[in-house]
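Notes follow the structure.
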Amino acid sequence: MKNFKNIIAYSLLLTVGVSLFSCKKDFNEVNTDPIGKSAVSANQLLAPALVNILSVNMSRNRNLNNELMQVTVDINDGEGRIFRYDIRRNVADQTWNVWYPELTNLRNIGTIASQPESLNKSYQAISKITEAWVFQLLTDVYGDVPYSQANQGKDGVIEPVFDKQKDIYLDLFKKLEEANTLLKDGTAIVSTGDPVFQGDVSKWRRLGNSLYLRLLMRVSGKAEVS
1047 MKNFKNIIAY SLLLTVGVSL FSCKKDFNEV NTDPIGKSAV SANQLLAPAL VNILSVNMSR
1107 NRNLNNELMQ VTVDINDGEG RIFRYDIRRN VADQTWNVWY PELTNLRNIG TIASQPESLN
1167 KSYQAISKIT EAWVFQLLTD VYGDVPYSQA NQGKDGVIEP VFDKQKDIYL DLFKKLEEAN
1227 TLLKDGTAIV STGDPVFQGD VSKWRRLGNS LYLRLLMRVS GKAEVS
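Residue numbers (the numbering used here): 1047 to 1272.
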């Protein structure tokens, strides 16, 4: 009986040893995605970010405009339906919860495009324009919001300060002016990664200037932002 127990013990030890050895042998080759990437390019970040932001904007506009004004009434009834004037917290939270995560991607576009090996002034500018656009949406909807310390969780900033709307607007003007200067060179971008203007840099520049005009109209008559 004792010998039998010893055999079982040795067998278990042998099995564990072989298993551990097998886990190490060719581990990197077997467990590495052959088509996976450890780095991402600016054009790969742009399209998903724009699509996600525009999708939530269009969804919210449809829900609040069509349903609230009874232009559209859903055949399916139930709780939390806007056409029933049952507007819940998630309606206000939805844009916040989409805009801020995508701001990280938009900011990363500028970071990547500023590196020597992937330098591209147009992507730097597009990063600034899209950031300004989303932050303008955020502060117009919610008022004072995290701005100067926003999206810095990886640096340990988990409770960013809420900046005043006036200060946010003033910095957005600077951001758009910088973008306009960067786009003067007209550096080419990947057309397939741009679902909005299909790589037409001149249209991005016009968008930046149009957004600048919109901000000017929003602060018109506000002495503190003059």
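A virtual CB, placed ideally from N, CA and C, is assigned to each residue, including glycine. As the structure is a computational prediction, the values presented were derived from the model and not from experiment.
Residue state for D1246 is assigned as coil, using DSSP reduced to three classes. Within the model, the alpha-carbon separation for N1107 versus D1246 is close to 27 Å.
Counting along the chain, the unbroken alpha helix (DSSP H) around D1139 starts and ends at R1135 to A1159. For E1113, the closest alpha carbon among the candidates L1096, I1133 and P1094 is that of I1133.
Within its own chain, the residues whose Cβ lies closer than 8 Å to the Cβ of Q1116, once the five positions on either side in sequence are excluded, are F1129, listed in chain order. When the beta-carbon positions are compared, Q1198 and V1207 stay at least 7 Å from each other.
In the DSSP assignment, Y1169 falls within the unbroken alpha helix (DSSP H) covering K1167 to Y1188.
Residue nearest to N1103 within the set V1180, L1152, N1226 and V1236 is V1180 (criterion: CA-CA distance).
Sorting V1086, L1184 and Q1244 by C-alpha distance to the C-alpha of D1139 places L1184 at the top. The C-alpha of L1110 lies about 14 Å from the C-alpha of S1101. When beta bridges are read from the DSSP output, V1191 appears opposite D1209. For P1094, the three-state secondary structure derived from DSSP is helix.
The beta carbon of A1093 sits closer than 6 Å to the beta carbons of G1239 and P1241 from its chain, once the five residues preceding and following it are set aside; these are given in chain order. Taking the Cβ atoms as the reference, Q1170 lies roughly 5 Å from L1228, within the contact range of under 8 Å.
When only Cα atoms are considered, L1261 and E1148 end up about 21 Å apart. A distance below 7 Å between beta-carbons, with the five flanking residues on each side excluded, links L1091 to the following residues of its chain, in chain order: N1151, N1154 and I1155. Excluding five sequence positions before and after W1145, the CB atoms of its chain that fall closer than 7 Å to its own CB belong to I1099, V1180, L1183 and L1184, given in chain order. Taking C-beta atoms as the reference points, K1167 and T1233 count as a pair closer than 7 Å. Burial state of G1254 is buried, judged by a 10 Å Cβ sphere holding 16 or more other Cβ atoms. An exposed status is given to V1097, since fewer than 16 other beta-carbon atoms sit within 10 Å of its beta-carbon. Sorting K1221, L1216 and G1189 by C-alpha distance to the C-alpha of E1177 places K1221 at the top.
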